[in-house]
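Student:
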Amino acid sequence: MGSNGFKLPLGWNCKKLVDCTKEGNISYGIVQPGQHQEDGIGIIRVNNIQNGNIYIDDVLKVSHEIESKFAKTRLEGGEVLLTLVGSTGISAITTKALQGWNVARAVAVIKPCDEISAEWIHICLQSPFTKYFLDSRANTTVQKTLNLKDVKEIPLPIPPHEERVSLEKIYFNFENRINLNIKINKILEEMSQNLFKSWFVDFDPVVDNALDAGNPIPEALQSRAELRQKVRNSADFKPLPAEIRSLFPSEFEETELGWMPKGWQIKSLDHIANFQNGLALQKFRPKNMEDDYLPVLKIADLRAGQITNDERARTDISDSCKVYDGDMIFSWSGTLMIDIWTGGNAALNQHLYKVTSKKYPQSFYFMWTIQHLSRFQHIAEAKAVTMGHIKKGDLSNSFCLIPTSSLITKYDNIVGGYLAKIKNQRLLNNQMTALRDTLLPKLISGELSLDDIPDLNTDTEAA
0 MGSNGFKLPL GWNCKKLVDC TKEGNISYGI VQPGQHQEDG IGIIRVNNIQ NGNIYIDDVL
60 KVSHEIESKF AKTRLEGGEV LLTLVGSTGI SAITTKALQG WNVARAVAVI KPCDEISAEW
120 IHICLQSPFT KYFLDSRANT TVQKTLNLKD VKEIPLPIPP HEERVSLEKI YFNFENRINL
180 NIKINKILEE MSQNLFKSWF VDFDPVVDNA LDAGNPIPEA LQSRAELRQK VRNSADFKPL
240 PAEIRSLFPS EFEETELGWM PKGWQIKSLD HIANFQNGLA LQKFRPKNME DDYLPVLKIA
300 DLRAGQITND ERARTDISDS CKVYDGDMIF SWSGTLMIDI WTGGNAALNQ HLYKVTSKKY
360 PQSFYFMWTI QHLSRFQHIA EAKAVTMGHI KKGDLSNSFC LIPTSSLITK YDNIVGGYLA
420 KIKNQRLLNN QMTALRDTLL PKLISGELSL DDIPDLNTDT EAA
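Each residue of the sequence shown is one higher than the one before, starting from 0 at the first, in numbering that gives the first Met the number 0.
Written out as C-alpha cells, the structure is:
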C-alpha cells in the first residue's frame, strides 16, 4: 500500500508531484498579459492545450516587458503544462519549438527532476486517480479552478526505471495512434470544406465550364473568374474529371440573392433539414436509480466529444430526441457549434438541435449549416442576454443553393465518404482511449503485469 492510500506493485514508491520537480516548486504564469502584441512573445493558454497536445494556431503574444517579469515560468522545452482554470487537469509536454515562450495564469509549469521523466508525470496526471484527486479539490464556485497547493500534493506512483520505460511505451503507443487519427480527421475536414466551398460557394466548376464554352461571366463574378483563370493557368492545375464537370451548368442566372448557377434552386436551411430541439430533461428523470436510462447530452458534452455529466433521462422519451453515434448535433445557445456526435447513445437536452433530413444526405446539410455558422454566432453575440442564441426564424432566413440530384449524389459519394471515415476514426479513438484508461490503472495498481498486455495492433482495430 502506498503512503497515499492506494495499492502499489512491489518495488514501487510514491512521491508528491512537487517532490518530482527540479526546483521543488510548481508555478503558474503571467497574471495580466495585457493586449495582444504582434511582435511579442507567445504564451500558452488553456485553449491551446487539448488532448495531450499543444496547438499554437490561436496564440496570444505579450510584450517583452511583461514577459520578463515571469522568468520563472519561461519555457525551455520538456516541461509539463497543466490547466488550472475552466477545462482543468489537462496536461501536455512542451517541445524545444516553444523555447522562450511563457504561459498564462491559468496554466501551471512543472519542470521534472532528472530522475522522473516528463512523460511519466504526464501519464500520471491523466490517470483516473489523479483526475478524481483534482476534481474532489477543485473550486467550482464561479469557474472550475485548481489550487496550486493541491496540485503540488498530487501523489505520483514511481516504478523502477525499466518498468516505467515499458509503461511509457505502452501509453505513447496509444497516444501516437490517437493523435495520428486526429490529424487525419483534420485533413479530411479541411478537404470536405474546401470541396464544398469550391462547388457550392465559389462555383469553380461552373466558371470552368463557362470559360471553356465562351459563355459570358456576369460582371459581379468577373474578379472570381479572373482568379480562377490564374489557377487554371498554373503548372500544377488538375481539372475535374469530365464526368463530374458535366454535372455542372456552364451559365449563370440572376436571382433575388444575386448570381447563381443556372437551373439551381434556392431553399432555406430549415427546408433542407429538420432541426429537432432537445427536451427539458429534468422533467424526464428515471423514477428509480436501478431503472434503465440514457445519459444526457448537453452543450459542454458536445464540446468535449463525450458525456461529462452524471445526469440521467428515461428511455421512453421521443425517438426524435434520442442521439446515436453519427448524428449531427447543433448547439444553438451559448457556445454555438456543430459536430457529428460519436460519444454513444444519449438523450438530447434543450438548447441543442438534432439535425436530420429525409431528402438530402447529411454531408450536404451539415456543410450548409457550417457555411452559415459564423453568421449565427454573430447573431447570438448581439443578443443582450446572458446566453446568446439564435431562433428558428434565423434558420428560415438562411439560404442554400440546391443543384441537381445527380450532382448531390456525386458530392455525397466524396464528402460523405470523408465524414464516414472521420466518424469511424473517432469511434476507434474512443475504443483506444477506453482500453488505455482501463489498462494503465490496473498496471499501476499491480492488478495486471506487463506480460498480461494484449497485442494492441489487433485489439484496437476498427470493427
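For each residue, glycine too, the CB sits at the ideal point set by N, CA and C.
Since the model is a prediction, treat every value here as computed from it, not as a measurement.
Bridge partners for I138 per DSSP, in chain order?
Tutor: Note on identity: in this sequence residue 138 is Asn, with Ile being the wrong assignment. Answer is T144, bridged to N138.
Student: Distance, Cα to Cα, L447 vs L166?
Tutor: C-alpha separation (whole angstroms): 12 Å.
Student: Restricting to Cα atoms, I'd like to know which of N344, Q376, C399 is closest to W367.
Tutor: When each option's Cα is compared against that of W367, the closest is C399.
Student: Go ahead and label E118 buried or exposed: buried means 16 or more other beta carbons lie within 10 angstroms of its beta carbon, across all protein chains shown.
Tutor: Result: buried.
Student: Let me check understanding here. Comparing Cα to Cα, which of N232, L394, N172, R244 lies closest to S405?
Tutor: The option with the nearest alpha carbon to S405 is R244.
Student: Expressed to the nearest angstrom, what Euclidean distance is found between the alpha-carbon atoms of A224 and F195?
Tutor: So the alpha carbons of these two residues sit roughly 18 Å apart.
Student: How big is the Cα-Cα spacing for K151 and E114?
Tutor: Their Cα atoms are separated by approximately 17 Å.
Student: In terms of DSSP beta bridges, what is D56 paired with?
Tutor: DSSP lists no partner for D56.
Student: If you compare alpha carbons, which of E252, P248, T355, R231 is closest to D269?
Tutor: Nearest C-alpha to D269: T355.
Student: Fully enclosed by the region 241 to 297, which alpha helix (DSSP H) runs are 4 residues long or longer?
Tutor: Within the region 241 to 297, the complete alpha helix (DSSP H) runs of at least 4 residues are 241 to 244, 268 to 271.
Student: Apart from the five residues just before and just after T334, which ones in its own chain have a Cβ nearer than 7 Å to its Cβ?
Tutor: Once the five neighbours on either side are set aside, the close Cβ partners of T334 are I298, R302.
Student: Can you tell me whether S317 is helix, strand or coil according to DSSP?
Tutor: Of the three classes helix, strand and coil, the one that applies to S317 here is coil, per DSSP.
Student: In chain order, what residues of the same chain lie with their CB nearer than 6 Å to the CB of T408, ignoring the 5 residues before and after it?
Tutor: Within the same chain, T408 has no close Cβ partners at all.
Student: Going along the chain, which residues of its own chain have a beta-carbon closer than 7 Å to the beta-carbon of L246, five neighbours each way excluded?
Tutor: The answer, listed in chain order, is T403, S405, L406, K409.
Student: Determine the extent of the beta strand (DSSP E) in which T82 is found, giving its start and end residues.
Tutor: It spans 79 to 82 - the beta strand (DSSP E) in which T82 sits, taken as one unbroken run.
Student: Does DSSP put S90 in a helix, a strand or coil?
Tutor: S90: strand per DSSP, three-state reduction.
Student: Report yes or no: do the region 71 to 78 and the region 119 to 133 share at least 3 C-beta pairs separated by less than 8 Å?
Tutor: No: the two stretches stay apart, fewer than three of their Cβ pairs being nearer than 8 Å.
Student: Kindly indicate the opening and closing residues of the alpha helix (DSSP H) around T206.
Tutor: It is Val, not Thr, that sits at residue 206 in the sequence shown. Here the alpha helix (DSSP H) through V206 covers 203 to 212.
Student: Considering just the uninterrupted stretch of the alpha helix (DSSP H) at I443, what are its terminal residues?
Tutor: Note, I443: alpha helix (DSSP H), 416 to 444.
Student: Would you call G387 buried or exposed, if buried means 16 or more other Cβ atoms sit within 10 Å of its Cβ?
Tutor: Buried, because 16 or more other Cβ atoms sit within 10 Å of the Cβ of G387.
Student: Could you pull out every residue in the same chain whose Cβ sits closer than 7 Å to the Cβ of Q98, ignoring the five residues on either side in sequence?
Tutor: Closer than 7 Å at Cβ, skipping near neighbours: L74, E75, G76.
Student: Taking F363 as the reference, give the member of H350, G416, A212 with the closest Cα.
Tutor: Cα-wise, what sits closest to F363 is G416.
Student: Take A461 and list the residues in its own chain whose beta-carbon comes closer than 7 Å to its own, dropping the five residues that flank it on each side.
Tutor: Residue placement at A461 is poorly supported in this model, since its pLDDT is 44, which falls under 50; the coordinates still yield a value, given next. Here the set comprises N423, L427.
Student: Just to confirm, are P240 and V205 a CB contact at a threshold of 8 Å?
Tutor: For P240 and V205, no; Cβs fall outside 8 Å.
Student: Do the CB positions of I337 and N184 come within less than 8 Å of each other?
Tutor: Their beta carbons are not under 8 Å apart, which means I337 does not touch N184 by this criterion.
Student: Report all residues from its chain with a CB closer than 8 Å to the CB of I42; omit the five preceding and five following residues, and keep chain order.
Tutor: The answer, listed in chain order, is G28, I29, P32, V58, L59, K60, V61, E66, W100, N101, V102, A103.
Student: Could you please give me the residues that DSSP links to L155 through a beta bridge?
Tutor: Partner(s): K14.
Student: Mind checking whether W263 and I389 have CB atoms under 8 Å apart?
Tutor: In this structure, I389 does not lie closer than 8 Å to W263 by Cβ.
Student: For T140, is the classification buried or exposed, using 16 other Cβ atoms within 10 angstroms of its Cβ as the cut-off for buried?
Tutor: Exposed, because fewer than 16 other Cβ atoms sit within 10 Å of the Cβ of T140.
Student: List the residues that DSSP assigns as beta-bridge partners of R311.
Tutor: R311 pairs with P294.
Student: Assign L124 to one of three DSSP states: helix, strand, or coil.
Tutor: Three-state result, L124: helix.
Student: Indicate whether L145 and G88 have their beta-carbon atoms separated by less than 8 Å.
Tutor: In contact: L145 and G88 (Cβ atoms closer than 8 Å).
Student: Would T459 be called buried (16 or more neighbouring beta carbons within 10 Å of its own) or exposed?
Tutor: Residue placement at T459 is flagged as unreliable, the pLDDT there being 49, under the threshold of 50; the coordinate-derived value follows with that caveat. Burial call: buried.
Student: Once you ignore the five residues that flank L226 on each side, which residues in its own chain have a CB closer than 7 Å to its CB?
Tutor: Excluding positions up to five away in sequence, the list is empty.
Student: Report the residue from K229, L210, P238 whose alpha carbon sits nearest the alpha carbon of P248.
Tutor: Nearest of K229, L210, P238 to P248, Cα basis: L210.
Student: Anyone know if the C-beta pair for H350 and S332 falls short of 8 Å?
Tutor: Cβ distance < 8 Å, so H350 and S332 count as in contact.
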